[in-house]
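Presented below is the structure to which this report refers.
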Amino acid sequence: MSETIAASPPRTIAVLGNPNVGKTTLFNRLCGARHKTANFPGTTQEALVGRFDGATLIDLPGIYSLDLNLSESSICRAVLAGQLAPEGGSPRVPDTLVVVVDATNLLRNLTLVAEALRLRLPTVVVVNIIDAARRRGIHADTQRLSEVLGCPVLAVSARSGENTDRLPDLIARAKVPDRSPPEGRDAVEAWAEETYAFVAAAREGATPDTLTDRLDRAFTHPVMGVITFVAVMTGLFWVIFALAAYPMDWIDRLFAGLGGLVESTLPAGAIRDLLSEGVVAGIGGTVIFLPQICLLFLLISLLEGTGYLARAAFVIDRLMRPFGLSGHSFVPLLSSHACALPGIMACRAVPDKRDRLATILVAPFMSCTARIPVYVLLTTLLFPGRPAMQALAFTGCYVIGAAAGLLSALVARRSILRGKSRPMALELPSYRVPDFVQALRMTADRGWVFLRKAGTVIVGISIVLWWLNAYPHASSLPEAESLRAQAAQVEPSDPSASEALRSEADTLDARHAASSSFLGRIGDAVQPVFGPMGADRQLTVGILASFAAREVFVATMAVQVAGTDDTEDAGVQQALASATRDDGTPLFTPATSWALLVYYILAMQCLPTLVVTAREAGGWRWAALQMAWMSGMAYCCAVAVYQIIRAMGHA
21 MSETIAASPP
31 RTIAVLGNPN
41 VGKTTLFNRL
51 CGARHKTANF
61 PGTTQEALVG
71 RFDGATLIDL
81 PGIYSLDLNL
91 SESSICRAVL
101 AGQLAPEGGS
111 PRVPDTLVVV
121 VDATNLLRNL
131 TLVAEALRLR
141 LPTVVVVNII
151 DAARRRGIHA
161 DTQRLSEVLG
171 CPVLAVSARS
181 GENTDRLPDL
191 IARAKVPDRS
201 PPEGRDAVEA
211 WAEETYAFVA
221 AAREGATPDT
231 LTDRLDRAFT
241 HPVMGVITFV
251 AVMTGLFWVI
261 FALAAYPMDW
271 IDRLFAGLGG
281 LVESTLPAGA
291 IRDLLSEGVV
301 AGIGGTVIFL
311 PQICLLFLLI
321 SLLEGTGYLA
331 RAAFVIDRLM
341 RPFGLSGHSF
351 VPLLSSHACA
361 LPGIMACRAV
371 PDKRDRLATI
381 LVAPFMSCTA
391 RIPVYVLLTT
401 LLFPGRPAMQ
411 ALAFTGCYVI
421 GAAAGLLSAL
431 VARRSILRGK
441 SRPMALELPS
451 YRVPDFVQAL
461 RMTADRGWVF
471 LRKAGTVIVG
481 ISIVLWWLNA
491 YPHASSLPEA
501 ESLRAQAAQV
511 EPSDPSASEA
521 LRSEADTLDA
531 RHAASSSFLG
541 RIGDAVQPVF
551 GPMGADRQLT
561 VGILASFAAR
571 EVFVATMAVQ
581 VAGTDDTEDA
591 GVQQALASAT
601 RDDGTPLFTP
611 ATSWALLVYY
621 ILAMQCLPTL
631 VVTAREAGGW
641 RWAALQMAWM
651 SGMAYCCAVA
661 VYQIIRAMGH
671 A
């Protein structure tokens, strides 16, 4: 008679510690590349989950205390009690607890160690960053500390790998501590001070960190701190704009080549058009954001690794408070000027839930690179031949967007997100040389999350929009065929005239196809809605098409007016400037152009942003609210601008 023995689940090891003690560096040292990022269910708080020595290793959020009423502390309590596990895992009490402390700030870390010991789990304490402590003349006696705590203690440098090879054996032999620290805040603080005095007696040659003090005086100064921050962020975004342009151009060419390959390989028909104009174009439109996203996360990770961003957050905090935001929100909002996607993803660093949601909701108000083609077109139409005025109007677009975002944050914090903000409590970590390998790992992980979770949805929506714009197919107009016949007749004697006739025929067919498509028919039906802001059917189609991405407006208008999407062509720009409506009046009047400019400054017209908002905020209701608020504000302001300018006689 045989018996079936159920396989026991793999051991679970939880890694706990204060922020900035090197937990994630140790995690990466133990797991290498064998890890994944997962959210805790019902939150946007992430955990790194990896395989280590046959066990599952969970890197918990950094906290200062298990008893605080914060989301990070709640998550840690639930995981350690066996009530919660990262997505894809089964909740169970961890088999072993690894508590990581900073050798340069041991006294402060001992409070969390005391709380961890009271959990009565097999525990190992890891004293990390011993290389930096050694340089500062700080020495902690790990043998004495082990005696006081009643559990194994190991001094390591996770960054260099010093002593980390001894950790697996200690984890395997870990037992429940045979000592229990006292309870109560005052008693724990006294115990921590006594323990620290007992184990850190050897400090011969310890030197004060005067360089850190001097840098802190400059970086946290009310005036110099702001100037330094602006200079650092300007340099950061210059690097992003300068370096991302090359891979973005390569990606654009790659997918253009793939689209051309599909068109040249497959026979003409719906399948070819779907693959080339729907699938390839949809994927390309998603992947092209990747260089900016990866560069931004890489540079911010490196800056964070130096310890500078913590100082910058304190400086900006006093400027953000009147709008209901904290200094934590500034970097995500500034990041959104490159692209709202990484800006919203960076909101995970905002610890307060209300602040985080408010920042996510208003991040798309920051003028991103996708708006630039629209700004360039409309400011050029408003101020032809006047580059100084064009530059002033262009700058004004960024100022208006930022102001609208801050005011919207104030409205949100006093209504749907009402509540007192958490005070700005942030540890100032020691200045260090950033870990480039760890920054690359985090960048690759963030990039993959973007492609996997956002890309699939975006591609599906892009295909739907392509279908609406491509069907039903419209036959060529008799007028266009007549022009092509004339072109064939005059081609031998006047090739340039023949080309002009063919271009005119293509323009007629392009306009006919646009108006006959489902999207064009929707444009005719919706035109009365956008009419109050000066839009006719052509502009309405451009606005509707640009709901996928703002820059689509320029290409859509170029196709309707000039029969091509080559918006860099001077002839196309002239055609847009001189374009007329069906009744013969100018298409882009001053009133209409100003109204459109205001609309595109404020409107939510980026499907990838909505997808990422839904994921980061925890549901589509937040994305719907964001869409409704921004679109409503954009529409009302655009209508007001158009009607005011029209009343002044500039319609």
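Residue numbers (the numbering used here): 21 to 671.
Note that CB positions come from ideal geometry on N, CA and C, so glycine has one too.
- Item | Exposure label - Phe538; buried when at least 16 CB within 10 Å | The Cβ neighbour count for Phe538, taken over all protein chains shown within 10 Å, is under 16; the residue is labelled exposed.
- What three-state label does DSSP hand Asn148 in the structure shown? In this structure, Asn148 counts as strand in the three-state DSSP scheme.
- Task: Identify every run of the beta strand (DSSP E) within the stretch 457-526, keeping only runs that are complete inside it and at least 3 residues long; order them along the chain.
- Result: With a minimum length of 3 residues, there is no unbroken run of beta strand (DSSP E) contained wholly in the stretch 457-526.
- Item | Whole-angstrom C-beta distance between Leu100 and Tyr451, which should lie under 8 Å | Contact doesn't hold; Cβ gap of about 32 Å is too wide.
- Query: Would you report the Cα separation of Ser518 and Ser502, rounded to the nearest angstrom?
  - Reply: Rounded to whole angstroms, Ser518 to Ser502 spans 12 Å at the Cα level.
- Task: Please name the residue or residues paired with Phe72 in a DSSP beta bridge.
- Result: Per DSSP, the beta bridge partners of Phe72 are Ala75.
- Query: Which residues does DSSP pair with Asp122 in a beta bridge?
  - Reply: Answer by DSSP bridge pairing, in chain order: Asn148.
- Could you tell me whether the stretch 380-397 touches the stretch 327-341, where touching means 3 or more Cβ pairs closer than 8 Å? Here the stretch 380-397 makes no contact with the stretch 327-341; the two share fewer than three CB pairs at distances below 8 Å.
- Tell me whether Lys195 is buried or exposed, calling it buried when 16 or more other Cβ atoms sit within 10 Å of its Cβ. Exposed is the call here.
- Item | Cβ-based neighbour list, Leu564, same chain, cut-off 7 Å, excluding 5 preceding and 5 following | For Leu564, where only same-chain residues beyond five positions count, the Cβ hits under 7 Å are Leu539, Ile542, Gly543, Val546.
- Could you give the distance in angstroms between the alpha-carbon of Ala134 and the alpha-carbon of Phe47? Rounded to the nearest whole angstrom, the CA to CA distance from Ala134 to Phe47 is 22 Å.
- Query: Mind checking whether the beta-carbon of Asn38 lies closer than 7 Å to any heavy atom of the ligand SAM?
  - Reply: As far as ligands go, the structure on display features none, and thus does not contain the ligand SAM.
- Task: Report the three-state DSSP secondary structure of Pro449 (helix, strand or coil).
- Result: In this structure, Pro449 counts as coil in the three-state DSSP scheme.
- Query: Tell me which same chain residues have a C-beta within less than 8 Å of the C-beta of Ala222, skipping the five on either side of it?
  - Reply: For Ala222, the predicted structure reports a pLDDT of 45, less than 50, and the residue's modelled location is therefore unreliable. The matter cannot be settled from this model.
- Compute the Euclidean distance between the alpha carbons of Asn148 and Cys96, then round it to the nearest angstrom. Here the alpha carbons of Cys96 and Asn148 stand approximately 20 Å from one another.
- Message: Need the endpoints of the beta strand (DSSP E) that Thr32 sits in, please.
- Response: It spans 32-37 - the beta strand (DSSP E) in which Thr32 sits, taken as one unbroken run.
- Helix or strand or just coil, what does DSSP make of Ala358? In this structure, Ala358 counts as coil in the three-state DSSP scheme.
- Range covered by the alpha helix (DSSP H) that runs through Val396: Going by DSSP, Val396 is part of the alpha helix (DSSP H) stretching over 392-402.
- Cβ distance (whole Å) where Cys388 is taken to contact Ser356 below 8 Å: The C-beta distance from Cys388 to Ser356 rounds to 6 Å, short enough to meet the 8 Å contact threshold.
- Message: Taking contact to mean 3 or more Cβ pairs, one atom from each stretch, closer than 8 Å, check whether the stretch 267-278 and the stretch 361-375 are in contact.
- Response: Contact fails: fewer than three Cβ-Cβ distances are below 8 Å.
- Does the Cβ-Cβ distance between Ala98 and Pro30 come in under 8 Å? Remark: C-beta atoms of Ala98 and Pro30 do not approach each other more closely than 8 Å.
- Query: What separation, rounded to the nearest whole angstrom, lies between the Cα atoms of Leu278 and Gln625?
  - Reply: So the alpha carbons of these two residues sit roughly 27 Å apart.
- Query: When the Cα atoms are used, what is the spatial distance from Phe218 to Val243?
  - Reply: Between the C-alpha atoms of Phe218 and Val243 there is a straight-line separation of about 42 Å.
- Query: DSSP beta-bridge partners for Cys626?
  - Reply: For Cys626, which the question treats as bridged, DSSP gives the partners Ala569.
- Task: With a cut-off of 8 Å on the beta carbons, I'd call Pro362 and Ile313 a contact; round off their distance for me.
- Result: Sure, about 5 Å apart at Cβ, within 8 Å.
- Item | Glu636 - DSSP class collapsed to helix/strand/coil | Under the three-state reduction of DSSP output, Glu636 falls in the helix class.
- Query: What is the DSSP secondary structure of Leu315, reduced to helix, strand or coil?
  - Reply: The three-state secondary structure of Leu315, taken from DSSP, is helix.
- Straight-line CA distance for Ala152 to Val457? Roughly 19 Å between the two C-alpha positions.
- Message: For a test of the three-state rule: what should DSSP assign to Ala366, helix, strand or coil?
- Response: DSSP places Ala366 in helix when its eight states are reduced to three.
- Apart from the five residues just before and just after Leu141, which ones in its own chain have a Cβ nearer than 6 Å to its Cβ? The answer, listed in chain order, is Leu117.
- Alpha-carbon to alpha-carbon, Arg179 and Asp372: Near 30 Å, if we compare the C-alpha coordinates of Arg179 and Asp372.
- Residue burial classification, Asn89 (beta-carbon count within 10 angstroms, cutoff 16): By the neighbour-count rule (16 or more Cβ atoms within 10 Å), Asn89 is not buried but exposed.
- Have a look at Trp487, Ala658, Thr629, Met409 and flag the residue whose alpha-carbon is nearest the alpha-carbon of Met386. Nearest option by C-alpha distance: Thr629.
- Message: Which residue wins for smallest C-alpha separation from Val431, given the options Arg112, Pro202, Tyr619, Ala378?
- Response: Checking every option, the nearest Cα to that of Val431 belongs to Ala378.
- Message: Checking 8 Å against the spacing of the C-beta atoms, do Ile665 and Pro610 come in under that value?
- Response: Yes.
- Can you tell me where the beta strand (DSSP E) with Val173 in it begins and where it stops? From DSSP, the beta strand (DSSP E) with Val173 extends over 173-175.
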